[in-house]
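Visitor: Each protein sequence line maps, in turn, to chains B and F.
Its first residue numbered 1, the first sequence is counted upward by one per residue in the working numbering.
Its first residue numbered 1, the second sequence is counted upward by one per residue in the working numbering.
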Amino acid sequence: MIPSDNLSTPEETLDHPLKDWLNLNRFIFCPGCLIGTVITSISTCLKERGFTSKDYAIVSGIGCTGRSSGCFKAPAFHTTHGRAIPFATGLKLANPKLEVIVLSGDGDLFAIGGNHFIHAARRNIEITVLCVNNNVYGMTGGQVAPTTHLDDITSTTPYGNIEPPFNLISLAAAAGATYVARWPGYDTLRLQKSIFKSIDNEGFNFIEVLAPCFIQYGTKNKLGDAVEMLEWMKKQIQIKTDCPPHMATFDFKKGVIICGEFVEEKREGFTKRMEQIREKAKNKKFKK
Amino acid sequence: MSLKLSKNNPHNKAILTTGNYACAEGAIAAGCLLFAGYPITPSSEIAAYMSRRLPEINGTFIQMEDELASIACCIGASYAGKKAMTATSGPGLSLMAENIGLGVMLEAPLVIVTIMRGGPSTGQPTNASQSDVYQVRYASHGDYQIIVLAPSTVQEMYDLTIRAFNLAEKYRTPVIVASDGFLGQMMEPVYYHSNFEKVERKKPQVPPEKYKPFEVFDDDLVPGMAVAGTDYHFYVTGLTHDIEGTPEMTPEGGETLIKRLCDKITRARPDINDWEEKYIDDSDTVVLAYGINARGVPEAIEQARQQGHKMGYVRLKSLWPFPDELMEKLGRQGISKLIVSEMNYGMLIRETQRFQHLFEVSGITIPTTIPFSPKFIYKKMMEEI
């Protein structure tokens with residue numbers, strides 16, 4: 001090898017390290033948004049595990065994060081608003097070997113799709129749900145979400161939000177999720193660790209990723225641009241170990257956002273139980 | 001009265017069972033391996049039967065949290081390569097509406113059975129109806145075509161459910177079987193035969209690196225379908241998209257896609273549409289009926305013919321896409337009057353009224369829950385002619 005071969009050309013320098021894993025022409029996100037880091041974190045984990053497109057599937061709903069499924073070079077499904085989880089359930093039931101990852105936003109998963117979330121957690125179906133929580137409806141123009149904090153200004157709460165938000169960690173834990181974590185979107189190493197744990201856990205996994213929306217949330221609440229808003233959030237982050245899920249405070253007013261892993265539990269997954277049912281049915285043939 | 005399972009029965013022996021059970025057994029015969037549903041009268045027996053039967057054959061039954069989840073689960077399963085079905089009734093189909101559109105857009109083979117019970121709203125849960133004839137056609141928003149089959153007998157609940165799976169696989173589309181509370185619940189002898197061809201969906205026609213999920217190579221406008229769990233990677237979206245699946249928001253892009261999705265179904269009308277006809281050749285007046293309500297028509301027609309009236313009938317076995325070619329044929333045969341008989345306040349009759357330049361159209365259209373008796377149909381026919 002001659003030395004000049006080691007010199008990178010400009011084209012090579014510009015190549016994305018995950019270019020074989022991602023459809024870079026489908027990134028439509030605002031510069032400064034953390035959805036991109038979540039997407040690359042997922043791809044990094046899948047790549048490290050040696051997964052190829054026959055091993056996994058990505059499902060998303062509607063909204064900013066809804067558009068994220070298109071970024072993966074995988075079987076990727078952009079479904080209807082709120083229905084990513086039941087769609088993913090169908091994929092997993094039909095092919096239990098698949099690693100099925102749902103990547104969607106807080107409005108999609110917890111307002112219109114809230115019912116599906118709690119039931120999937122209750123079933124302990126072996127899928128991973130990543131919720132990119134920006135506390136607002138981004139794509140539709142900054143309306144109040146079930147995760148918007150009290151008194152915050154949105155385009156449909158011009159006088160301040162009068163509804164308290166869901167704490168997604170407590171909700172997931174109460175519904176029966178067997179792995180529950182929350183991380184800020186910029187903390188990709190901890191996020192990736194959680195994604196690895198989710199891949200290993202044979203149950204329902206929930207990871208809340210905080211990705212503030214400076215366009216829709218920041219400007220209306222005077223929190224500055226993308227970087228300023230991240231700095232503002234970073235000051236509030238407290239990483240705790242062994243924090244019970246009901247103590248996982250997320251409160252911009254108090255300036256406290258508890259991050260960490262809140263539930264790690266071993267419980268038999270849904271497709272495993274389904275397999276047992278099949279055995280039972282075969283031994284006890286159907287008689288009318 | 002003995003109820004035996006299909007596998008214990010040689011196919012030349014009829015068993016006595018209900019429409020809903022025959023439908024479920026038809027699905028299994030066609031290769032259905034996943035059922036996702038939500039309880040609703042009068043379709044619940046289909047789910048109950050599937051919950052017992054599917055695990056025996058390595059299939060999956062799941063009772064979802066609602067109908068929205070049920071159909072989404074079926075589309076997901078379809079994209080993992082399994083034949084999937086859900087069953088519901090009017091209110092449940094209303095909830096499925098948005099995802100019927102997703103199934104059309106994603107070109108996912110899937111079967112939806114609706115056991116019509118009348119409405120609006122909660123309506124008459126324990127009764128029959130034919131008032132969802134437009135719901136099955138137009139439930140979802142947007143410009144699309146869909147295949148709807150209409151069984152009249154318990155045997156057809158079995159046969160047409162099989163056909164629904166075959167059409168869904170062939171044309172990569174949701175197919176609806178529109179039955180009713182009467183037919184779903186009533187018992188009749190049925191042959192669980194295996195005398196049919198099982199259709200499987202078209203596979204990708206190019207290797208993974210060249211695959212584009214909506215690239216069409218054939219005249220039937222149906223692209224080869226890759227599924228999750230294979231070497232193929234693909235992106236599918238409910239947004240209008242180009243052949244690569246990438247969202248495409250230009251007017252031309254939308255037009256190209258919508259035209260293909262619609263043409264794929266309408267061009268296949270000669271293959272899809274099916275009906276039974278009698279005495280058409282020498283009739284002045286023809287009665288058109290479908291589903292449970294068509295069962296009284298033959299007797300009424302025989303009676304009329306005995307009285308010297310030149311009358312015949314057609315019974316539609318598929319409702320949508322509407323069989324325009326049948327109407328044109330009736331026009332060519334020179335019939336002067338078409339009487340549409342249906343258990344609603346006038347629905348499918350409106351489709352036939354597009355052909356009033358060929359013949360006069362009148363209807364026996366009553367929003368009742370009881371199928372019309374031969375005597376009643378005869379009386380009404382005599383008033384009409």
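Glycine included, every Cβ here is placed at the ideal spot set by N, Cα and C.
Quantities reported herein were computed from a predicted structural model and do not represent experimental measurements.
1. Determine the burial state of LYS222 of chain B: buried for a count of at least 16 other Cβ atoms within 10 Å of its Cβ, exposed for fewer.
2. Return the residues of the stretch 59-87 of chain F that lie within a Cβ-Cβ distance of less than 9 Å from chain B, sorted by chain order.
3. Alpha carbon to alpha carbon, what distance is there between ALA289 of chain F and GLY245 of chain F?
4. Check whether the stretch 166-174 of chain F touches the stretch 372-379 of chain F, taking contact to mean three or more Cβ pairs, one atom from each stretch, closer than 8 Å.
5. Taking all protein chains shown into account, do 16 or more other C-beta atoms lie within 10 angstroms of the C-beta of LYS288 of chain B, making it buried, or fewer, making it exposed?
6. For GLN372 of chain F, collect the residues of the same chain with a Cβ closer than 7 Å to its Cβ; drop the 5 residues on either side in sequence, then sort them by chain order.
7. Give me the residue from B:LYS272, B:CYS33 and B:TYR179 with the minimum Cα distance to GLY185 of chain B.
8. PRO55 of chain F touches chain B at which residues, Cβ-Cβ below 7 Å?
9. Is the beta carbon of ASP263 of chain F less than 8 Å from the beta carbon of GLY253 of chain F?
10. Mind checking VAL206 of chain F: buried by the 16 CB within 10 Å criterion, or exposed?
11. Give me the chain B residues within the contact set of ASP231 of chain F, using Cβ-Cβ distance strictly less than 8 Å, ordered along the chain.
12. Does the stretch 72-81 of chain F touch the stretch 125-134 of chain B, meaning 3 or more C-beta pairs lie closer than 8 Å?
13. With a 10 Å radius around its C-beta and 16 neighbouring C-beta atoms as the bar for buried, classify ALA359 of chain F as buried or exposed.
14. Quick one: complete alpha helix (DSSP H) runs, 4+ long, within the stretch 149-195 of chain B?
15. For a cutoff of 8 Å on Cβ pairs, would you count GLY105 of chain B as touching chain F?
16. Using a Cβ-Cβ cut-off of 7 Å (strictly less than) and excluding sequence neighbours within five positions of ILE417 of chain F, which residues of its own chain qualify?
17. Is the Cβ of TYR235 of chain F closer than 8 Å to any Cβ of chain B?
18. Just the Cα atoms here: how many angstroms apart are VAL199 of chain F and VAL111 of chain F?
19. TRP275 of chain F lies in the beta strand (DSSP E); which residues open and close that run?
20. Less than 8 Å separating the beta-carbons of VAL180 of chain B and VAL263 of chain B?
21. The alpha helix (DSSP H) with HIS116 of chain B in it runs from where to where?
22. Measure the beta-carbon distance from ARG267 of chain B to GLY218 of chain B and round it to whole angstroms, keeping in mind my assumption that it falls under 8 Å.
23. The alpha helix (DSSP H) with GLN63 of chain F in it runs from where to where?
24. Rounded C-beta distance between LEU103 of chain B and SER68 of chain B? I'm assuming under 8 Å.
25. Could you check whether ALA87 of chain F and ILE62 of chain F sit closer than 8 Å to each other, using their CB atoms as the reference points?
26. VAL286 of chain F and GLY308 of chain F - do their beta-carbons sit closer together than 8 Å?
27. I need the straight-line Cα distance from ALA228 of chain F to LYS73 of chain B, nearest angstrom please.
28. Residues of the stretch 87-103 of chain F with a CB closer than 9 Å to any CB of chain B: list them in chain order, please.
Guide: According to the structure shown:
1. Indexing the first sequence from 1 puts residue 222 of chain B at position 222. By the 10 Å Cβ count, LYS222 of chain B comes out exposed.
2. GLY59, THR60, PHE61, ILE62, MET64, GLU65, ASP66, LEU68, ALA69, SER70, ILE71, ALA72, CYS73, CYS74, ILE75, GLY76, ALA77, SER78, TYR79, ALA80, GLY81, LYS82 and ALA84
3. Position 245 of the second sequence holds residue 245 of chain F. Position 289 of the second sequence holds residue 289 of chain F. Near 41 Å, if we compare the C-alpha coordinates of ALA289 of chain F and GLY245 of chain F.
4. no
5. As a first step, residue 288 of chain B is located in the first sequence; it is residue number 288 there, counting from the start. Per-residue confidence for LYS288 of chain B stands at a pLDDT of 47, beneath the threshold of 50, marking its modelled position as unreliable; no derived number is given.
6. For the purposes of this step, residue 372 of chain F is taken as residue 372 along the second sequence, with counting starting at 1. In the sequence on display, residue 372 of chain F carries Phe and not Gln. Cβ within range, chain order: ASN293, GLY296, SER341 and ILE364.
7. Reading the first sequence from its first residue, position 185 is the one you call residue 185 of chain B. The option with the nearest alpha carbon to GLY185 of chain B is B:CYS33.
8. Start at 1 with the first residue of the second sequence, and residue 55 of chain F comes out as number 55. Per Cβ cutoff of 7 Å: ILE277, ARG278 and ALA281.
9. Looking up residue 263 of chain F in the second sequence gives position 263. Looking up residue 253 of chain F in the second sequence gives position 253. No, they are not a contact pair.
10. Mapped onto the second sequence, residue 206 of chain F falls at position 206. With fewer than 16 Cβ atoms within 10 Å of its Cβ, VAL206 of chain F is classed as exposed.
11. Position 231 of the second sequence, counted from the first residue, corresponds to residue 231 of chain F. Per Cβ cutoff of 8 Å: THR52, SER53 and LYS54.
12. no
13. Here residue 359 of chain F is taken as the residue at index 359 of the second sequence, counted from 1. According to the sequence shown, residue 359 of chain F is Phe rather than Ala. PHE359 of chain F comes out buried.
14. 168-175
15. For this step, residue 105 of chain B is matched to residue 105 along the first sequence. No, no contact with chain F.
16. The displayed coordinates of chain F run from 1 to 385. Any statement about residue 417 of chain F would go beyond what the structure contains.
17. Against the second sequence, residue 235 of chain F aligns to sequence position 235. Closer than 8 Å to some Cβ of chain B, the Cβ of TYR235 of chain F qualifies, so yes.
18. Mapped onto the second sequence, residue 199 of chain F falls at position 199. Mapped onto the second sequence, residue 111 of chain F falls at position 111. If you take the alpha carbons of VAL199 of chain F and VAL111 of chain F, they lie about 14 Å apart.
19. Locating residue 275 of chain F in the second sequence gives position 275, counting from the first residue. It spans 275-278 - the beta strand (DSSP E) in which TRP275 of chain F sits, taken as one unbroken run.
20. Taking the first residue of the first sequence as 1, we reach residue 180 of chain B at position 180. Taking the first residue of the first sequence as 1, we reach residue 263 of chain B at position 263. Yes, these two residues count as a Cβ contact at 8 Å.
21. Here residue 116 of chain B corresponds to residue number 116 of the first sequence, with the count starting at 1. 114-123 is the span of the alpha helix (DSSP H), which, as asked, contains HIS116 of chain B.
22. Numbered from its first residue, the first sequence carries residue 267 of chain B at position 267. Numbered from its first residue, the first sequence carries residue 218 of chain B at position 218. 39 Å between Cβ atoms; not a contact.
23. The residue given as residue 63 of chain F occupies position 63 in the second sequence. Run containing GLN63 of chain F: none in the alpha helix (DSSP H); it sits in the beta strand (DSSP E), 60-63.
24. Numbered from 1 along the first sequence, position 103 holds the residue referred to as residue 103 of chain B. Numbered from 1 along the first sequence, position 68 holds the residue referred to as residue 68 of chain B. Right, their Cβ atoms sit about 5 Å apart.
25. What you label residue 62 of chain F is simply residue 62 of the second sequence in a count that begins at 1. What you label residue 87 of chain F is simply residue 87 of the second sequence in a count that begins at 1. No. Outside cutoff.
26. In the second sequence, residue 308 of chain F corresponds to position 308, counting from 1. In the second sequence, residue 286 of chain F corresponds to position 286, counting from 1. For GLY308 of chain F and VAL286 of chain F, no; Cβs fall outside 8 Å.
27. Here residue 228 of chain F corresponds to residue number 228 of the second sequence, with the count starting at 1. Here residue 73 of chain B corresponds to residue number 73 of the first sequence, with the count starting at 1. Each residue's alpha carbon lies about 12 Å from the other.
28. GLU98, ASN99, GLY101 and LEU102
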